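Residue numbers (the working numbering): 1451 to 1703.
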């Protein structure tokens, strides 16, 4: 199990200690000692707050950005699947999302986790939609693609105030994409969508000046050999090698 430290529980203890000292009566001779204690408590509180602000980024379920490959190999039955995907990718079978069985692939940068991909066969359109709505519980849609054709959800939402008209535009685009057996959805986390959509007029704006922790996901559906294959990628677009170096994941023994 991987963890970060300290937890927000430490904040509560520091706050309690701080207010206990503030409310405690003291004589003039104890002012100097109290001041030292107060400065110490404030310093600890500042350190704690800074540590929490750099808490690990949860990529998908229990998996954290930057987790070393060796930690995952010790914890899960992973196999090398470089031949199927890119070099260094590890995979695990019999994963499940919304009741649908999937293969889960872990992608790394210098042996630290940066992306997770789910690959699953979907028997029919109803299951395609089920996975879509499972993603919608944590993410909001910002773009739909079919080959070179793109539907910018942010842009049309800005220019279309009628919800029924907006829904029809999206439905028409989806129907055409499904007929061509190729569609891709792009999402960002609901929390980030609330902030970013207010200052964005199109899809490109969404990814300008975004917080380091912003999570995104893509969901691609293609038809191959009369089988529907769904592929979901969970990413953190702004992740850098520098961030990984400065925020190592430690193993919790």
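All residues carry an ideal CB built from backbone N, CA and C; glycine is no exception. Note that the coordinates shown come from a computational prediction; the quantities given were computed from them, not determined experimentally.
query	result
Inter-residue Cα distance where the pair is residue 1656 and residue 1648	9 Å
Local conformation of residue 1691 per DSSP, three classes	helix
Residue environment, residue 1636, which counts as buried when at least 16 other CB atoms sit within 10 Å	buried
Cutoff 7 Å; reference residue 1640; Cβ partners in own chain excluding five residues on either side	1588, 1589 and 1590
Minimum C-alpha distance to residue 1679 - residue among 1632, 1686, 1685 and 1659	1632
Proximity of residue 1664 and residue 1638 at Cβ, strictly below 8 Å	yes
Residues bridged to residue 1570 [DSSP beta-bridge criterion]	1680
Identity of the residue in 1601, 1547 and 1523 nearest residue 1683 by Cα	1547
Buried or exposed (CB count within 10 angstroms, at least 16 for buried), residue 1692	exposed
Bridge partners - residue 1646, DSSP secondary structure assignment	Answer is none; residue 1646 lacks a bridge partner.
Buried or exposed (CB count within 10 angstroms, at least 16 for buried), residue 1539	buried
Helix, strand or coil at residue 1471 [DSSP, three-state]	Residue placement at residue 1471 is flagged as unreliable, the pLDDT there being 39, under the threshold of 50; a coordinate-derived value is accordingly withheld.
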